[in-house]
Amino acid sequence: AADPAGMKNLAVVADHLVATASRIRATGRKVVLMSPTPESSNNIGQCLTKVILFAENEESCDFQTPSQLDNKAAFRLVDRVNFVIPVIRLDRMICRDRLCDTMQKGVMIYRDQGHLSIEGASLLGREFHWAEAARAAAR
39 AADPAGMKNL AVVADHLVAT ASRIRATGRK VVLMSPTPES SNNIGQCLTK VILFAENEES
99 CDFQTPSQLD NKAAFRLVDR VNFVIPVIRL DRMICRDRLC DTMQKGVMIY RDQGHLSIEG
159 ASLLGREFHW AEAARAAAR
């Protein structure tokens with residue numbers, strides 16, 4: 039079903055985000071946006087803790103995107119401003135072929151429904167060279 043009010047609100051937020059980026063750039067700084075993490079309605083951190091404690095299959099904590107994505111509007115916003123503000127997409131680092139991998143290289147990527155664990159952020163940052171990517175993308 040169409041959501042005209044939601045789309046209007048999304049447009050307003052996008053306009054404000056672009057205006058904020060313009061004000062930051064006016065100070066001589068560059069801007070890059072880090073996307074939100076894909077979120078699931080399940081507490082992924084809790085699920086992964088059970089996997090570790092009870093030697094369960096870690097894939098049971100993975101989730102499909104976009105059908106199980108709880109923050110679709112945030113990604114619509116990112117897609118809307120990407121033409122003006124460069125975006126580093128966490129969903130492309132965590133999800134492959136529409137499946138979000140919540141544990142990578144034995145590391146819990148999430149601490150809860152949508153926040154990265156410290157170890158998960160560290161792994162993704164190293165694997166995907168966040169600092170270099172941010173410097174290269176910023177404009």
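So the sequence shown is numbered by the working numbering: it starts at 39 and just counts up by one. The beta carbon of each residue, even a glycine, is placed where N, CA and C say it ideally should be.
Could you tell me which of the options sits nearest to residue i, measuring between CA atoms?
i    : options                   : result
R136 : P76, N120 and A49         : P76
R130 : F121, V122, V116 and I123 : V116
L128 : R63, A172, K68 and T58    : A172
G144 : E96, C85, S78 and M72     : E96
L154 : I123, S78, A111 and F113  : S78
K110 : Y148, P74 and E165        : P74
The alpha helix (DSSP H) spanning residue i covers which residue range?
i    : result
S160 : I156 to E165
A175 : W168 to A175
Going by beta-carbon coordinates alone, are residue i and residue j separated by less than 9 Å?
i    : j    : result
V125 : A175 : yes
C138 : T87  : no
I123 : L55  : yes
Q142 : N81  : no
I156 : I132 : no
R164 : K68  : no
L71  : A57  : no
Go through the region 91-147 residue by residue and report every complete run of the alpha helix (DSSP H) that reaches 4 residues or more, in order. 110-119 and 129-132, all fully within the region 91-147.
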